[in-house]
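For reference, the structure is listed below as structure tokens.
Numbering (our numbering), first residue to last: 4 to 70.
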């Protein structure tokens, strides 16, 4: 199915698929950020562990999809 989207010949489908993959990765990072905090109040270090990688990833993702 992945190849079907990429090689369909229409850039819109490939761009949409890449956008969905970026969105899933961002949601994964958000879960990594908040799930330990919800389960253990002393795990505050996790709030800062993914701040820089998430910021860099969001910057690159937004730069890629800038019109």
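Idealized CB from N, CA, C, for every residue including glycine.
Scanning 25, 56 and 65 for the CA closest to the CA of residue 36 turns up 56. Pairing residue 21 with residue 32, the inter-Cα distance amounts to about 17 angstroms. Rounded to the nearest whole angstrom, the CA to CA distance from residue 63 to residue 23 is 15 angstroms.
DSSP, reduced to helix, strand and coil, places residue 32 within a helical segment of the structure shown.
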